[in-house]
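Peer 1: Residue numbers (the working numbering): 73 to 662.
Handing you this structure, nothing more for now.
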RNA sequence: GGGGCCGUAGUUCAAUUUGGUUAGAAUGCCGGCCUGUCACGCCGGAGGUCGCGGGUUCGAGUCCCGUCGGCCCCGCCA
């Protein structure tokens, strides 16, 4: 519609002008002889009232209902003195309407957009369009749009070429569960939806594109979480003739650019680099939230030779003792301390030993087992001040005590109000282990993926301690969320062969699974590496919401259902037959 | 696969602890009145498979079992 104006774009400077506005009925106030209504579009809300003595319009307003779609023709005018609404950005003006056309009458909606935030989420998901009409959701998606644009501009300016990779790809048994797509033309065979474009972007490097990027959907058939959906969006990038430093610099430039363009926030680069093992011991996590100003302290040496059995037995078994300052908790009641001990058990810790500090000195439940000197040393080492409480855990497994203390650190961040919401803290986690032992299947698995380049000086650990080989992999962590992960890839076929061997892949199997990549790698492969970002998580954090469902237009529930369109759905027998398939088992649902 | 919380008018909640008359309120909806409202106001009205199924009981929204659905977490997510 030409010459159409938006509700939020008008201000007092345009008073006197005639306008055509289109939008939804937000609220009607019918006073009898005089009526008002609020008209809403994606830019804002403005009040409309009949032009003087216009009875036709006056009568029509009484018939308007919530969420009707109307076209309003009228004049912008200053509101009479004393009738300005300071709570509205358009509160100084109103539209004197000479014509109102109902373009589409609305059924009574199950909830009004303005109350969407307090209705049950399943109802919001079912009537997603009503929720998306809210100012908050409109803002979230416009932020996400800005994010796309900023990313595309940045990569384009830095010589990256956007190339689409296929959605119907070869199934890969490693990693996450695949969504399979049966082939009609080739019964018993399937495609898979890509878990990521990993292999294809490596092929693009072999193909000589030098720098590639793509904003692309990925699919993983795993259980859902607040920050995990079965289909999600990655910003995927890959570079040739590169190294970790270059990739990290490019990413830092991107993050600085995004924050500036999307949020108008200046962030500092470079971001701190923290090795995986440092992250685990200092923060008890491979994705530490650096907004929490607490570090875990190793107290193993402080308590070596202690008479306290809980400590000495952990040390004798090769374990560790770690402490964390809980600032301001020195006065915690017995009940609160017990609650925390209960929680600590769910974090995999055996319990917590407390040292409460006050002006009178240190008190502790373990005081009778420990010397004054030991207690003083621990408190000193953890920077405990009067009023604080030191929580200490010991375990025969270093990993267990580290991760448990990490949970305690997160708990403290949330519950002791230590997190500043306006802060954005980014860091790199580097030097990940190349392999992780999987107890269930009794072999090593790639911690990142099997094309990741191991750190060269660790290669001699192949035979005896593969668990200690580090890889050239890196994660980018923002406020405790992993938002990107990448690596330098293997371009040497001998190293690739060794990695597959260690992962227990038979040569034949390797050829069958990854043959097309390995073959391509033989025809002249540039050293290359890259990274992939979780765009949904970035949008979630930048929008200040707690779930990626708030930044995905049509998300699934935690049971992977779409309440709006009812997918997945029972499929016609005819469609199954065409694919040469027959469903077994029984559908659940109502 | 496991743990926790939740499900009552269109919506948000109360009544569930301790089983007992006709399941209440607000808002939304419908009708009437009202000429400067802005969460308009006033008057009246309609609206309930208490998620579903089974069990215990003289009697179940309330107790028990199962199931469906939602959220959070663990496992899982190369």
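Note that beta-carbon positions come from the ideal geometry of N, C-alpha and C, so glycine has one too.
Between 206, 193, 280, which lies nearest to residue 597 when the distance is taken from Cα to Cα?
Peer 2: Comparing Cα-Cα distances from residue 597 to each of 206, 193, 280, the minimum goes to 280.
Peer 1: Determine the direct distance from the alpha carbon of residue 506 to that of residue 533, and round the result to whole angstroms.
Peer 2: So the two alpha carbons sit approximately 11 Å from each other.
Peer 1: How many angstroms separate the CA atom of residue 204 from the CA atom of residue 93?
Peer 2: Approximately 20 Å, taken between the alpha carbons.
Peer 1: Please classify residue 447: does DSSP put it in a helix, a strand, or coil?
Peer 2: It is helical.
Peer 1: With the cut-off set at 7 Å, would you say residue 243 and residue 653 are in Cβ contact?
Peer 2: No, they are not a contact pair.
Peer 1: Just tell me which of 428, 397, 376, 405 has its CA closest to the CA of residue 391.
Peer 2: Residue 391 has its Cα closest to that of 376, out of 428, 397, 376, 405.
Peer 1: Please state the DSSP three-state secondary structure of residue 652.
Peer 2: Coil at residue 652, not helix or strand.
Peer 1: Identify every run of the alpha helix (DSSP H) within the stretch 93-161, keeping only runs that are complete inside it and at least 4 residues long; order them along the chain.
Peer 2: Complete alpha helix (DSSP H) runs here, min 4: 127-133.
Peer 1: Smallest Cα separation from residue 310: which of 218, 268, 535, 348?
Peer 2: Here the closest residue by C-alpha is 268.
Peer 1: Let me know the secondary structure DSSP gives residue 510 once reduced to three states.
Peer 2: Reduced to three states, the DSSP call for residue 510 is strand.
Peer 1: So, is residue 214 buried or exposed, given that buried needs 16 or more other C-beta atoms within 10 angstroms?
Peer 2: Under this definition residue 214 is an exposed residue.
Peer 1: Let me know if residue 285 comes out buried or exposed under the rule of 16 or more other beta-carbons within 10 Å of its beta-carbon.
Peer 2: Under this definition residue 285 is a buried residue.
Peer 1: Hey, residue 447 and residue 456: beta-carbon distance below 7 Å or not?
Peer 2: Contact flag unset, no.
Peer 1: Indicate the three-state DSSP secondary structure (helix, strand or coil) for residue 454 in the structure shown.
Peer 2: The answer is coil: DSSP assigns residue 454 none of H, G, I, E or B.
Peer 1: Less than 7 Å between C-beta atoms, sequence neighbours within five positions excluded: which residues of the same chain meet that for residue 328?
Peer 2: 339, 341.
Peer 1: How is the beta strand (DSSP E) around residue 176 delimited, first residue to last?
Peer 2: Counting along the chain, the beta strand (DSSP E) containing residue 176 begins and ends at 165-176.
Peer 1: I'd like to know whether the C-beta atoms of residue 362 and residue 499 end up nearer to each other than 7 Å.
Peer 2: Cβ distance < 7 Å, so residue 362 and residue 499 count as in contact.
Peer 1: Reducing DSSP to helix, strand and coil, say where residue 491 ends up.
Peer 2: Residue state, collapsed to three classes: coil.
Peer 1: Please return the same chain residues whose Cβ sits closer than 6 Å to the Cβ of residue 181, not counting the five positions on each side in sequence.
Peer 2: So the qualifying residues of the chain are 139, 202.
Peer 1: Using 7 Å as the threshold, is the C-beta distance between residue 604 and residue 308 below it?
Peer 2: Cβ distance < 7 Å, so residue 604 and residue 308 count as in contact.
Peer 1: So residue 304 is in the beta strand (DSSP E); what residue range does that whole segment cover?
Peer 2: Residue 304 -> beta strand (DSSP E) spans 303-312.
Peer 1: CB-CB under 8 Å to residue 194, same chain, minus the five flanking residues each way: which ones, in chain order?
Peer 2: Cβ neighbours of residue 194 beyond the five flanking positions: 629, 635.
Peer 1: To which residues of the same chain is residue 184 closer than 7 Å at the C-beta, ignoring the five residues directly before and after it?
Peer 2: Counting only Cβ-Cβ distances below 7 Å, and skipping sequence neighbours, we find 138.
Peer 1: Evaluate the contact criterion for the stretch 354-372 versus the stretch 578-588: three or more CB pairs, one atom per stretch, below 8 Å.
Peer 2: At 8 Å Cβ cutoff, the stretches do not touch.
Peer 1: Rounded to whole angstroms, what is the Cα-Cα separation between residue 97 and residue 624?
Peer 2: Using only the alpha carbons, I get a separation of about 26 Å.
Peer 1: From 277, 209, 146, pick the residue whose C-alpha is nearest to that of residue 233; which is it?
Peer 2: Minimum Cα distance to residue 233 is reached at 277.
Peer 1: Nearest-angstrom Cα distance between residue 134 and residue 118?
Peer 2: Between residue 134 and residue 118, the C-alpha separation is close to 18 Å.
Peer 1: Can you tell me the Cβ-Cβ gap for residue 46 and residue 322, rounded? I've got them flagged as a contact below 8 Å.
Peer 2: Outside the displayed range of the chain (73 to 662) lies residue 46, so it cannot be described from this structure.
Peer 1: For residue 223, count the other beta carbons within 10 Å of its own beta carbon; 16 or more makes it buried, fewer makes it exposed. Which is it?
Peer 2: When all chains shown are included, residue 223 counts as buried.
Peer 1: Since I believe residue 402 is in contact with residue 467 (beta carbons under 8 Å), could you give me their beta-carbon distance rounded to a whole number of angstroms?
Peer 2: With a Cβ gap of about 25 Å, residue 467 and residue 402 do not count as contacting.
Peer 1: For residue 85 and residue 158, what's the separation of their Cα atoms in angstroms?
Peer 2: Cα to Cα, residue 85 sits roughly 17 Å from residue 158.
Peer 1: Is the closest heavy atom of the ligand FMN to the C-beta of residue 430 under 6 Å?
Peer 2: With respect to the ligand FMN, the structure shown offers nothing to examine, as it has no ligands at all.
Peer 1: Check whether the Cβ atoms of residue 175 and residue 143 lie closer than 7 Å to each other.
Peer 2: Contact: yes.
Peer 1: Using the beta-carbon count (16 or more within 10 Å), is residue 294 buried or exposed?
Peer 2: Exposed: under 16 other Cβ atoms inside 10 Å.
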